[in-house]
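The structure appears right after this line, and notes come after that.
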Amino acid sequence: MKKTNVEVFLNYESEVRTYCRTFSAVFAKAKDSHLYSETGQEYIDFLCGAGALNYGHNNNIIMNAVIEYMKANGVMLTLDLHSKAKKEFITTFVTNVLEPRDLPYKFQFTSPTGTSVVESAVKLARKFTGRQNVIAFTNAFHGMSATSLSLTGSKSHRQSTLNASNVTRFPFEGYMGDEINTIELYRKLFEDKTSGVDLPAAVILETIQGEGGINVASNRWLRELRTLTEEFDILLIVDDIQAGCGRTGTFFSFEPAGIQPDIVCLSKSIGGIGLPFAMLLLRPELDIWSPGEDNGTFRGNNLAFVAATSMLKHYWNSFEFEHEIRAKERMVLEFFDEIEGKYSEHIKAIRGRGLMHGIEFYSAKHARDIVKACFENHLLIEVCGPEDQVLKFMPALTIPPGVLRQGLYRVGKAMHATLSPKWDTALAG
Ligand SMILES: Cc1ncc(COP(=O)(O)O)c(C=O)c1O
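Read in order, the letters of the sequence shown are residues 3 to 431 in the working numbering.
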């Protein structure tokens, strides 16, 4: 086997790089839930492009649709011109996603990254309400451009742009323990004219905070938050960039709560096989933009429209796929039961839904060491949370059960090597 050479990255690529510091292989090929390095080593992928590869790498169905489109000289970039690919995408999304869920949204295509959608959502909310303040939550992550960064909790992410003006940070559900009724706290802050909290244009949230540590908002809290925002004429924006597109077991993460946000941000896996794509779903009466007021060159990425359409046609033409995700979730939960029993003194909590779960360790070092040991066992998995103390499970929704089992086995082995006392490891051989 050839030796991996990463010199070119070390010499020429900016110090800002992160994932490659943990996973030092040079990846050359990928199929479904496997990645292959240039030396031919196979890895199981539980990292999943940080939620952008819900349907796996080079998913045959999606990939073939994209190849056929290119072979037929399908138009690639159209700014916001009408295109056949966009027409098919909108029609399919309405038929397969919005109508079965009784959701009334219009579409706004933005520049194709998550952070661009968040920028547009907040810009629109401020324009619509004429208010500037926005409520964002503790441990939130909404992206790395100016407005998104101001909504993001992490100080280390914000350090180059510490400006978080016109943003009020509220504690997420459970942040102060379960005894505090956060909804009543927010209500008081909105009602009290001298609280110092200006009535906001919007409240923006992830229903399951991904980067923040897999913090799951309860259905009840989401419903009460929806009622509160309605009471005060505040727009509710759900950032479903990471938790959407099936990741939590339903197409949108807010479905189990039965709420209807005013604006939904989608990106990452809506691109089908990792193609850049992002869009807002907005209640029609919010659509007060004037032509061109919010724009971007790559709003017309037709290859991503084609990929998304084939993904929606294949996986979301019924509710069948949700059952499949649930079956895989049960496998993950069984594994967690076993792990929790074995390592209870190291595990603080296990949280998540669908195929988005986290194991929180008392020690962040344990979580980081397990990631390293997983990589040695040829599996990619990342950490999240304020201290990187949460091991984040995000296998592809399409992962075959056998590969999922093998992946969990590799994680279990890594945990054993990291958490078991030396003599125990020695005994285990
Ligand atoms: C919830 C959420 N919002 C926004 C973003 C930003 O997306 P992007 O990195 O594509 O700008 C992310 C990225 O991880 C995210 O998880």
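Glycine residues also receive a C-beta, built at the ideal position from the N, C-alpha and C atoms.
The structure displayed is predicted, hence computed values, not measured ones.
Beta-bridge pairing of residue i - partner residues as DSSP gives them
| i | result |
| --- | --- |
| ALA32 | LEU37 |
| ARG353 | GLY360 |
| LYS394 | GLY360, GLU384 |
| ASN221 | According to DSSP, which records beta bridges pairwise, ASN221 is partnered with nothing at all. |
| GLU44 | TYR38 |
| ILE137 | THR170, VAL205 |
| CYS267 | ASP241, LEU282 |
| LYS108 | LEU284 |
Near ligand 2: residue i beta-carbon under 7 Å from a heavy atom
| i | result |
| --- | --- |
| ILE216 | In the structure shown, ligand 2 is absent; the only ligands present are ligand 1. |
Contact test: residue i Cβ vs ligand 1 heavy atom, cutoff 7 Å
| i | result |
| --- | --- |
| GLU384 | no |
| VAL120 | yes |
| PHE300 | no |
| GLN110 | no |
| ASP371 | no |
| PHE256 | no |
| SER113 | no |
| ASP241 | yes |
| HIS144 | yes |
| ARG244 | For the sequence presented, residue 244 should be read as Gln rather than Arg. Checking every heavy atom of ligand 1 against the Cβ of GLN244, one is found closer than 7 Å. |
| THR250 | no |
| GLY276 | no |
| THR117 | yes |
| GLY273 | no |
| GLY53 | yes |
| SER365 | no |
| GLY212 | yes |
| SER269 | yes |
| ASP208 | Correcting the residue identity first, residue 208 is Glu in this sequence and not Asp. Indeed, a heavy atom of ligand 1 lies less than 7 Å from the Cβ. |
Burial state of residue i, where buried means 16 or more other Cβ atoms lie within 10 Å
| i | result |
| --- | --- |
| THR420 | buried |
| LEU399 | buried |
| ALA430 | Residue confidence is low: ALA430 scores 47 on pLDDT, short of 50, so the model does not pin down where it sits. Its coordinate-derived value is still stated next. ALA430 should be labelled exposed. |
| MET72 | exposed |
| GLN161 | exposed |
| TYR107 | buried |
| THR427 | Low local confidence applies: a pLDDT of 48 at THR427 is under 50, so the model's placement there is unreliable, and no value is given. |
| ASP264 | buried |
| GLY260 | exposed |
| ILE137 | buried |
Contact set for residue i: own chain, Cβ-Cβ below 6 Å, skip 5 residues either direction
| i | result |
| --- | --- |
| ARG353 | ILE216, VAL218, GLY360 |
| LEU81 | GLY302 |
| CYS247 | ASN56, SER271, ILE272 |
| ALA416 | ILE372, ALA375, CYS376, ASN379 |
| LEU191 | SER197, VAL199 |
Nearest-angstrom beta carbon gap, residue j and residue i [assumed within contact, 8 Å]
| i | j | result |
| --- | --- | --- |
| PHE454 | PHE25 | Any property of residue 454 remains undetermined from this structure, which presents the chain solely from 3 to 431. |
| VAL369 | VAL392 | Per the sequence shown, the amino acid found at residue 369 is Ala instead of Val. 6 Å between Cβ atoms; contact. |
| PHE95 | LEU314 | 6 Å |
| LEU282 | SER122 | 6 Å |
| LEU237 | THR311 | About 29 Å; that fails the 8 Å criterion. |
| ASP242 | VAL120 | Going by Cβ atoms, the distance from ASP242 to VAL120 rounds to 11 Å, so no, they are not a contact pair. |
| VAL308 | GLY76 | 7 Å |
Spatial neighbours of residue i in its chain, beta-carbon cut-off 8 Å, leaving aside the 5 residues before and after
| i | result |
| --- | --- |
| ARG412 | ILE46, CYS376, ASN379, HIS380, LEU381 |
| TYR21 | LEU49, GLU384 |
| LYS330 | LEU357, PRO397, LEU399, ILE401, PRO403, LEU406 |
| THR154 | ALA138, ALA142, PHE143, HIS144, GLY145, MET146, ARG160 |
Own chain partners of residue i with C-beta closer than 7 Å, once the 5 adjacent residues on each side are dropped
| i | result |
| --- | --- |
| LYS350 | GLU362, PHE363, TYR364 |
| VAL405 | SER35, ILE46 |
| LEU100 | TYR107 |
| ARG128 | GLN134, ALA203 |
| PHE279 | PRO114, SER269, ILE272, GLY273, ASN303, ALA306, ALA310 |
Interface flag, residue i vs chain C, CB-CB below 8 Å
| i | result |
| --- | --- |
| ALA329 | The question asks about chain C, but that chain is absent: this structure has only one protein chain. |
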